[in-house]
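See structure below.
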Amino acid sequence: MPFYGGEELASVYDEALDEGFGLVASNIAEPNVMMGLMEGADRMDSDLLLQMSGGACKFAGNGDPVAGLQAMGTYIETIAEQYDIGVFLNMDHQTDLELIEKQIELDIPSSIMIDASHHPFEENVETSREVVEMVEEAGSDILVEAELGQIKGVEDEIEAEEAFYTDPEQAVEFVDRTGADLLAISVGTQHGVAKGKDLELRPDLAHDIRQALRDHGLDTPLVLHGSSGVQPDQLQEMLQHGICKVNKDTRYQYEYTRTAYDLYSEDPNAIVPPEGVEDARDTFFNETEWSPNKDVFDPRVVGRDIRERIADVHADLTEVSGSAGNSLFK
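Under UniProt numbering, think of the first position of the sequence shown as 1, with each following residue one higher.
This is how it looks when you write it as structure tokens:
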């Protein structure tokens, strides 16, 4: 089933708010992770929200972010036809308004996250509102996600030294003035590897933000960024307070590399010459008795392992987030 646009994604968020579950928004930069995510989501009867950052688009497009978006957009749409779930694409942490304008023109993504959270409040409002107006003027159903408050760690090419918690009343003003469809809030999470760090999670703050929005007639879905170090019980508590989009990136990056490492470390001599054998890779070992094992070094071998591992990880995450069994498009 082809991947869908913003109107269908909005219906998933409405259901998530009503039922208290969340979509795990999963970052991709190449096909193996993408296909593993689709397999895991389909296995669990969960709709799937993929994400691409500007850096990921550049990587996929050999330095050209527009080419990368077009290439991956076509790839996603083609492979999604194999599955009976809803598949969506969000543009994650976008800061370049010209690139956002091109994304809207191409009408590829289901949603776009404008990240002006590193700017002062008024500039954040102005920039986020500008993106909403761009979508409206284009007559598009693309959803717009904005962020209020900063989160510790690296967000693609943006780095915040300190975490700034989102103020509930300021969140109301922000959503009201920008017209954003979703709001990413800062409640103590961190981007990247969280080992040994005190996340100081504030579920109570998520509750207060959700309540303040509802008190002003704003039923805005909330977004949790930097969740790779958040434990299942912590995440499930957050989901009870209007969080219905949870970003994951670092976990998949680790699983990708760890899966490749595990495969190659099982039999390193299948890849690298043993001691005493010349490493004549430039002549592809034409004059040595040893040769590498194609049954191991063929990239498709590790690619299949990566897809399977990503599928297993995402399947588990759909259970934690509650989206398992809740696809609206089966």
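Even glycine gets a Cβ: it sits at the ideal position worked out from N, Cα and C.
- Message: So Lys330 and Gly22 are supposed to be a Cβ contact under 8 Å. How far apart are they, rounded?
- Response: For this step, residue 330 is matched to residue 330 along the sequence shown. For this step, residue 22 is matched to residue 22 along the sequence shown. Their Cβ separation, rounded to whole angstroms, is 19 Å, which puts Lys330 and Gly22 out of contact at 8 Å.
Nonlocal neighbours in the same chain, by C-beta distance under 7 Å from Glu237, ignoring five residues either side:
Start at 1 with the first residue of the sequence shown, and residue 237 comes out as number 237. If we look at Glu237 and ignore the five residues flanking it on each side, its Cβ neighbours are Pro203.
*On the DSSP bridge assignment, give the partners of Gln231 in chain order.*
Sequence index remark: in the sequence shown, residue 231 carries index 231 (1-based). DSSP output for Gln231 lists no bridge partner at all.
Original post:
The alpha helix (DSSP H) spanning Asn32 covers which residue range?
Top reply: On the sequence shown, residue 32 is found 32 positions in, with the first residue counted as 1. Run containing Asn32: 31 to 43, per the alpha helix (DSSP H) assignment.
Along the chain, where does the alpha helix (DSSP H) containing Ser46 start, and where does it finish?
Reading the sequence shown from its first residue, position 46 is the one you call residue 46. Counting along the chain, Ser46 falls outside any alpha helix (DSSP H), and DSSP gives it neither H nor E.
Query - Distance CB(Ala184)-CB(Glu136) smaller than 8 Å - result: What you label residue 184 is simply residue 184 of the sequence shown in a count that begins at 1. What you label residue 136 is simply residue 136 of the sequence shown in a count that begins at 1. No, Cβ-Cβ distance for Ala184 and Glu136 is not below 8 Å.
Checklist entry - In or out: Asn293 buried (at least 16 other Cβ within 10 Å) or exposed? => result Counting from one through the sequence shown, the residue named residue 293 turns up at place 293. Exposed is the call here.
task: Starting from Phe88, trace the beta strand (DSSP E) both ways and give me its first and last residue.
output: Walking along the sequence shown from the start, residue 88 turns up at place 88. Segment 87 to 94, the beta strand (DSSP E) holding Phe88.
task: Find the nearest neighbour of Glu173 within the set Gly217, Asp47, Met134, judged by alpha-carbon distance.
output: Walking along the sequence shown from the start, residue 173 turns up at place 173. Minimum Cα distance to Glu173 is reached at Gly217.
Legend entry - Short Cβ contact (8 Å threshold) for Asp267 with Val296: Counting from 1 along the sequence shown, the entry for residue 267 is found at position 267. Counting from 1 along the sequence shown, the entry for residue 296 is found at position 296. Yes, the pair counts as a contact, with Cβ atoms nearer than the cut-off.
Item to complete: Identify, in the order they occur along the chain, each residue of the same chain with its Cβ nearer than 6 Å to the Cβ of Lys195, setting aside the five sequence neighbours on each side.
Response: Taking the first residue of the sequence shown as 1, we reach residue 195 at position 195. With a pLDDT of only 42 at Lys195, under 50, the local geometry of the prediction cannot be trusted, and the value read off the model is given with reservation. The answer is none, since no qualifying residue turns up.
Considering only their Cβ atoms, is the gap separating Leu17 from Pro273 smaller than 8 Å? To locate residue 273, count along the sequence shown from 1; it is residue 273. To locate residue 17, count along the sequence shown from 1; it is residue 17. Taking a C-beta distance under 8 Å as the contact criterion, Pro273 and Leu17 do not qualify as a contact pair.
message: On the DSSP letters alone, give me the boundaries of the beta strand (DSSP E) that Leu182 sits inside.
response: Along the sequence shown, read from residue 1 onward, the residue named residue 182 stands at position 182. Start and end: 182 to 185.
Other residues of its chain near Ala260: CB distance less than 6 Å, five sequence neighbours each side excluded | As a first step, residue 260 must be located in the sequence shown, where it is residue number 260. Excluding positions up to five away in sequence, the list reads Val302.
Distance, Thr283 Cα to Ala315 Cα:
Along the sequence shown, one-based indexing puts residue 315 at 315. Along the sequence shown, one-based indexing puts residue 283 at 283. For Ala315 and Thr283, the distance between alpha carbons rounds to 44 Å.
- Helix, strand or coil for Val12 per DSSP? Your numbering for residue 12 matches position 12 in the sequence shown. The answer is helix: DSSP assigns Val12 an H, G or I state.
Check: Just checking my contact of Ala41 with Thr318 at CB under 8 Å: how many whole Å lie between their CB atoms?
Finding: The sequence position of residue 41 within the sequence shown is 41, counting from 1. The sequence position of residue 318 within the sequence shown is 318, counting from 1. Taking C-beta atoms under 8 Å as the contact rule, Ala41 and Thr318 qualify, at a distance of about 7 Å.
- Would you tell me roughly how many angstroms separate the C-alpha atoms of Phe88 and Glu122, rounded to the nearest one? Taking the first residue of the sequence shown as 1, we reach residue 88 at position 88. Taking the first residue of the sequence shown as 1, we reach residue 122 at position 122. Roughly 31 Å separates the two Cα atoms.
message: Just to confirm the assignment, what range does the alpha helix (DSSP H) spanning Ala60 have?
response: Position 60 of the sequence shown, counted from the first residue, corresponds to residue 60. Unbroken alpha helix (DSSP H) run through Ala60: 54 to 60.
Rounded separation between Pro65 and Asp312 - CA only: Along the sequence shown, read from residue 1 onward, the residue named residue 65 stands at position 65. Along the sequence shown, read from residue 1 onward, the residue named residue 312 stands at position 312. Approximately 29 Å between the Cα atoms of the pair.
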